[in-house]
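Chains as they are written, first to last, in my numbering: chain A, 1 to 285; chain B, 1 to 154.
As structure tokens, then:
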């Protein structure tokens, strides 16, 4: 039984599309965990959900227009939506969470309607299923998509490293950051763009409906046992990498949907962290 | 703090690059091992088989001219002018995601009676070829051997 298992694992590991999936999954989980800490602390956890539904709507339009590489439509639409949602929240008559909810359900409904009526795909239910739940999308990336994912992930990580101190300041105390002369508008805009990029990338891994898990779980899990911002960030990265790899490998070996398997692994490890946190008496989010 | 992040990022990049190097080497080794069948998908099941077939369709240049073997379910698609397309269907575990690879039996027959019954589990072994119909380019297996599995007794 063990030899069979190892042979199966070896067979799968030799497949180029599995190796591409692992590479992209590692990079996406790294980026999403970095950003998740900022989003959770700024109480923007649900913006990932809203933007992922906008991305689904954009994906529907791309399918209807028969785009070969859909990311070139997804990215601009999601980025613009992120900027509008984050900028208008403070001045609008509607509260921020109401705006996110409005945009979220609207985009989801419109997207499904567009796919249903205008998609030229031979298998609409597969397209919807894989976009919403990420069942096989990470395993069916084109070469262009793999290269774009790698480039964007590297850019996100570099931006985070270069602007780490400023992002830290804007995250924890925006008024203080403004007071010391930081251009908070610019850094909030930068965060919005980075969020949008990560949402579009993460759709390939876990699908639109489960993106929030990829962003939120690493941060809140790390906060159960860690105290400082640095510790939480590093712990979130490790948590995200481990859960993503375990989830992806589990899905491949046991033939389960990739997105759901990753999220279930995250839930299990969150519970472990939560218990450890209770024992240790760490900070609870 | 920045030094730690840069070191961590470099470590991630090294891991990523080593995977890329392995992919190229393993692809070459797989081709050299199998003289008759270049891509044997018989051992793949569920979403792995589905994903591999999708990858064949997305990257045909890598697979055209190669002999491919896979297991799936027999299907027929009716095209324009009463033309029939014979396909082997593969799907993931939820059956939500399914796709099919067209094949032409050895001898090139296009008669339904020369092909297995729809829904039967089949193993096909053919050479991948691309062809044009109108403005669209399609893929199919040619010179295909077909083995029909017997239904399991209940």
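C-beta atoms are modelled at their ideal positions from N, C-alpha and C, and glycine is treated no differently.
Being a predicted model, the structure only gives us computed values, none of them experimental.
Would you kindly check if the distance between the Cβ of residue j and the Cβ of residue i is under 7 Å?
i, j, result
"residue 212/A", "residue 106/A", "no"
"residue 103/B", "residue 119/B", "no"
"residue 88/B", "residue 122/B", "yes"
"residue 156/A", "residue 197/A", "yes"
"residue 250/A", "residue 133/A", "no"
"residue 51/B", "residue 256/A", "no"
"residue 53/B", "residue 98/B", "no"
"residue 277/A", "residue 224/A", "yes"
"residue 128/A", "residue 71/A", "no"
"residue 86/B", "residue 115/B", "yes"
"residue 161/B", "residue 90/B", "Here chain B has residues from 1 to 154 only, and residue 161/B is not among them."
"residue 29/A", "residue 244/A", "yes"
For the ligand FAD, is there any heavy atom lying closer than 6 Å to the beta carbon of residue i?
i, result
"residue 58/B", "By its list of ligands, the structure shown contains no ligand whatsoever, and the ligand FAD lies outside what it can speak to."
Give every residue of the same chain whose Cβ lies closer than 6 Å to the Cβ of residue i, excluding the five residues on either side of it in the sequence, and list them in chain order.
i, result
"residue 64/A", "114, 118, 119"
"residue 189/B", "Nothing in the structure corresponds to residue 189/B, since chain B is present only between 1 and 154."
"residue 83/A", "192"
"residue 60/A", "111, 114, 115"
"residue 149/B", "121"
"residue 137/B", "130"
"residue 18/A", "12"
"residue 281/A", "none"
"residue 50/A", "100, 103, 104"
"residue 31/A", "153, 156, 198"
Take residue i and list the residues in its own chain whose beta-carbon comes closer than 7 Å to its own, dropping the five residues that flank it on each side.
i, result
"residue 40/A", "216, 219, 220, 285"
"residue 147/B", "122, 123"
"residue 54/A", "77, 78, 81, 103, 107"
"residue 37/A", "219, 232, 233, 236"
"residue 208/A", "52, 53, 55, 56, 131, 132"
"residue 151/B", "none"
"residue 263/A", "206, 210, 213"
"residue 194/A", "35, 156, 159"
"residue 123/A", "none"
"residue 63/B", "39, 56, 128"
Compute the beta-carbon to beta-carbon distance between residue i and residue j, rounded to the nearest angstrom, for a pair I have assumed lies under 8 Å.
i, j, result
"residue 184/A", "residue 177/A", "5 Å"
"residue 106/B", "residue 145/B", "6 Å"
"residue 240/A", "residue 33/A", "3 Å"
"residue 145/A", "residue 69/A", "7 Å"
"residue 96/B", "residue 137/A", "About 12 Å; that fails the 8 Å criterion."
"residue 141/B", "residue 101/B", "6 Å"
"residue 143/A", "residue 61/B", "Actually they are not in contact, since the Cβ atoms of residue 143/A and residue 61/B sit about 10 Å apart, beyond 8 Å."
"residue 47/B", "residue 135/A", "7 Å"
Under a Cβ-count criterion, where at least 16 other Cβ atoms within 10 Å of its own Cβ denotes burial, should residue i be classed as buried or exposed?
i, result
"residue 222/A", "buried"
"residue 56/B", "buried"
"residue 75/A", "buried"
"residue 287/A", "With chain A represented from 1 up to 285, any question about residue 287/A goes unanswered, as that position is not in the structure."
"residue 98/A", "exposed"
"residue 364/A", "Nothing can be reported for residue 364/A, as the shown portion of chain A is limited to 1 through 285."
"residue 134/B", "exposed"
"residue 15/A", "buried"
"residue 85/A", "buried"
"residue 92/B", "buried"
"residue 172/A", "exposed"
"residue 21/A", "buried"
"residue 273/A", "buried"
"residue 77/B", "exposed"
"residue 9/A", "exposed"
"residue 202/A", "buried"
"residue 70/B", "buried"
"residue 72/B", "buried"
"residue 167/A", "buried"
"residue 58/A", "buried"
"residue 80/B", "exposed"
Within a Cβ cutoff of 8 Å, which residues of the same chain sit near residue i, ignoring the five residues on either side of it in sequence?
i, result
"residue 3/A", "none"
"residue 150/A", "23, 24, 27"
"residue 170/A", "177, 182, 184, 187, 188, 191"
"residue 163/A", "187, 190"
"residue 65/B", "127, 128, 129"
"residue 247/A", "258, 261, 262, 263, 264, 265, 266"
"residue 41/B", "49, 52, 53, 68, 69, 70, 71"
* Could you please tell me which residues of the region 97 to 130 of chain A, in chain order, have their CB closer than 7 Å to any CB of chain B? => Along the region 97 to 130 of chain A, going in chain order, the ones with a CB nearer than 7 Å to a CB of chain B are 123, 125, 126, 129, 130.
* **Contact set between the region 61 to 72 of chain B and chain A, restricted to residues whose Cβ is under 9 Å from the partner** => Residues passing the 9 Å Cβ filter: 62.
* What residues in the region 136 to 149 of chain A have a beta carbon less than 7 Å from any beta carbon of chain B? -> For the region 136 to 149 of chain A, which is checked against every Cβ of chain B, the residues closer than 7 Å are 136, 139, 140, 142, 143.
* Note down, in chain order, all residues in the region 54 to 72 of chain A with a beta-carbon under 9 Å from any beta-carbon belonging to chain B. => The region 54 to 72 of chain A vs chain B, Cβ under 9 Å: nothing.
* **Residues of the region 45 to 61 of chain B with Cβ closer than 8 Å to any Cβ of chain A, in chain order** => Listed in sequence order: 45, 46, 47, 48, 50, 51, 52, 54, 55, 58, 59.
* Listed from N- to C-terminal order along the chain, which residues in the region 22 to 51 of chain A have their beta-carbon within a distance smaller than 9 Å of any beta-carbon of chain B? -> Of all residues in the region 22 to 51 of chain A, the ones placed with a Cβ closer than 9 Å to any Cβ belonging to chain B are 22, 23, 26, 27, 30, in chain order.
* Asked: For the region 124 to 154 of chain B, which residues have a CB atom closer than 8 Å to at least one CB atom of chain A, in sequence order?
  -> Within the region 124 to 154 of chain B, no residue qualifies.
* May I ask you to list, following chain order, the residues of the region 207 to 218 of chain A that have a beta carbon less than 8 Å from some beta carbon of chain B? => Flagged: no residues at all.
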